[in-house]
Each structure stands twice: as C-alpha cells, then as structure tokens.
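FYI, the numbering for the sequence shown is 1 to 256, going by this note's numbering.
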Amino acid sequence: MAEGLWDDVAAAYDRSFATLCSGTAPALLTRIPSGSRVLDVGCGSGHLTAALLTAGHVVTAVDPDPEMVALASSRSGADVRQGGLPDLPFDDAPFDVVLANFVLNHVDDPRAATRGLVRVARSGGQVAATVWPASLMHQAQLWNDLLDAAGAVRPPAPRLAPHLDFERSSEGLGSLLSEAGLDVIEASAPRWDWSVRPEDFWAGATTIGNFGVTWRAQSTAVQESMRELYEDFAAPWLVGEHLVFPVEAVLVTASA
Numbered sequence: 001m002a003e004g005l006w007d008d009v010a011a012a013y014d015r016s017f018a019t020l021c022s023g024t025a026p027a028l029l030t031r032i033p034s035g036s037r038v039l040d041v042g043c044g045s046g047h048l049t050a051a052l053l054t055a056g057h058v059v060t061a062v063d064p065d066p067e068m069v070a071l072a073s074s075r076s077g078a079d080v081r082q083g084g085l086p087d088l089p090f091d092d093a094p095f096d097v098v099l100a101n102f103v104l105n106h107v108d109d110p111r112a113a114t115r116g117l118v119r120v121a122r123s124g125g126q127v128a129a130t131v132w133p134a135s136l137m138h139q140a141q142l143w144n145d146l147l148d149a150a151g152a153v154r155p156p157a158p159r160l161a162p163h164l165d166f167e168r169s170s171e172g173l174g175s176l177l178s179e180a181g182l183d184v185i186e187a188s189a190p191r192w193d194w195s196v197r198p199e200d201f202w203a204g205a206t207t208i209g210n211f212g213v214t215w216r217a218q219s220t221a222v223q224e225s226m227r228e229l230y231e232d233f234a235a236p237w238l239v240g241e242h243l244v245f246p247v248e249a250v251l252v253t254a255s256a
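Quick look at the structure:
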C-alpha cells in the first residue's frame, strides 16, 4: 500500500523531496563512530549515502525501486543493491550502524520492518531512524491551502490499520525500536531549513506519495487553477529564487 506510492517517481523525488530528507544528514553523521560499516536502508536517490561516504564510512545502501538504485549508485559510487524491508538482502549482523531515514513512516508493516533493521545490525551496533512528526509541516500546509483555493477534492489517503501504525513522535518511534529488542540511546528533534526551487517543489508535490495521489484525483480544470494560483501561494516562502521552509523531524538512536 504505502510502499507502492514510491514506484516510478525517482526523477521527481530526486529534484524535490530527496533534498528535504537529506536535511538530517548532519544530525545522523554526528552520531556515527568513525569508519563504521553503515547500511543506508531505503536510500532513495542517494543523497545521504553520498554524505556518509564523504565522511569516511564504509557504506552499503539498499532501496526497493530500481530507478532509485540506479540514481543512488550514480551519485555516490557506493555498493547499492535492490531490496526492501523486512527481508533485506544481507546476512545477519554485518553492519555497525543501520540507518532508516524516513523509511518506517512509509512501510506497510513498521514493526516487521524494524525487526528487519535489527537483524542486520551487529550486537552492540546502532540503529538510527527518522520519521516526520504528526504535526502538519509548512510545505504541506502550503499545498493544502492551494488545494482549498482551487476547490480540490480530497481522496482518501492510504493509511495503515490501527494495529500496524505507531505514534509519529519520539516516544512512538522509540517504542517501535524498543519492541524490536533495541535499547534506546537518544531521541532528538533535528531542525533545518529546506531550500527548494519552486519548480522542483511543484514536480514533487504533483508526483510523490500522498501529494501525488491527491493531484491525480483532480479534474483538469482544478489542476489548471492550481497552476495559476501556485505562484501567489508560494510567494510568502520565497527567498531569492528558492522556497525556504523551516523543518523539524524525529530522530531516535538505539543500541542493538
């Protein structure tokens, strides 16, 4: 369900929300011991993978989408393989650090996925995961306001069943990792500014995830109205040639 929203969107993702998600790189890098064997799970188009390599780590990456694998491999030069949670294509416990950067909020079974992360982390190693908090982010509010102004319909968003879902907070993510047998070390809320060109944000919002689902549900007339209104709605966030949004995420680090 949720994972299927990421098929065939690699190019649009790379120019838009990939740069948003890579904003956690500084916070993650400060928590990784020097020269670690790191697995970047759900690496997308490879922005974080490349940063890990530049920092001197031995990096392997994995993503279920072949187009993402190709982009990540080209960008980073790392060992990037096709595969997804919970059944990652690796033996048990080969990695010092396993990262899931904005992955557990997109899988169909977060608890099974978390157990998949634990399986490939060595004893005494670390698992670090990030998710978006439950509160509505500024870029999502912009898009919602634009939908309302254009008279858009709101199709049902794909949602996990209550027994599979988890609270999108440091407590909820921490509980998810604890249930999988990890010892939580630290929970934090990294903050940064996401700078993105208006045309790149538009490319992502009309393609990626639930944004894309909503866009495709609109009539041609509504889509045209949204295009006409977009510049005015984006203007308050414009700094020079880029939109700039304050962003906050949830980061939890745990020991295997």
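All C-beta atoms, glycine included, are put in the ideal place defined by N, C-alpha and C.
None of the values given here were measured: they were computed from a predicted structure.
Close Cβ partners of residue i (< 6 Å) along its chain, the five nearest in sequence each way excluded
i    : result
T207 : V9 and A12
A18  : G44, S45 and H47
E167 : none
F211 : A205
G83  : V62 and P89
Inter-residue CB distance, residue i and residue j (contact presumed, cutoff 8 Å)
i    : j   : result
L39  : T60 : 5 Å
A121 : V98 : 5 Å
Counted within 10 angstroms of its Cβ, other Cβ atoms place residue i as buried (16 or more) or exposed
i    : result
A189 : exposed
R75  : buried
S16  : buried
H106 : buried
Q141 : exposed
T214 : buried
E241 : exposed
T130 : buried
D79  : exposed
Beta-carbon proximity of residue i to residue j, cut-off 9 Å
i    : j    : result
S255 : G124 : yes
N101 : L20  : no
A187 : V127 : no
V196 : L147 : no
A150 : M226 : yes
G77  : V62  : no
Paired residues, beta bridge with residue i - DSSP
i    : result
W82  : Reading the sequence as shown, one finds Gln at residue 82 and not Trp. Answer is D63.
P198 : The partner list for P198 (beta bridge, DSSP) is empty, contrary to what the question assumes.
F245 : W194
Close-in-space but distant-in-sequence residues of the same chain around residue i (CB under 8 Å, 5 per side omitted)
i    : result
P155 : V213, T214 and A217
S178 : V184 and A254
Sequence-distant residues of the same chain with beta carbon closer than 7 Å to residue i, five excluded per side
i    : result
M1   : Model confidence at M1 stands at a pLDDT of 42, short of 50, so the residue's coordinates are unreliable; what they give is reported in the following sentence. D108 and P158.
W262 : Absent from the structure is residue 262, since the part of the chain shown begins at 1 and ends at 256.
R119 : D92
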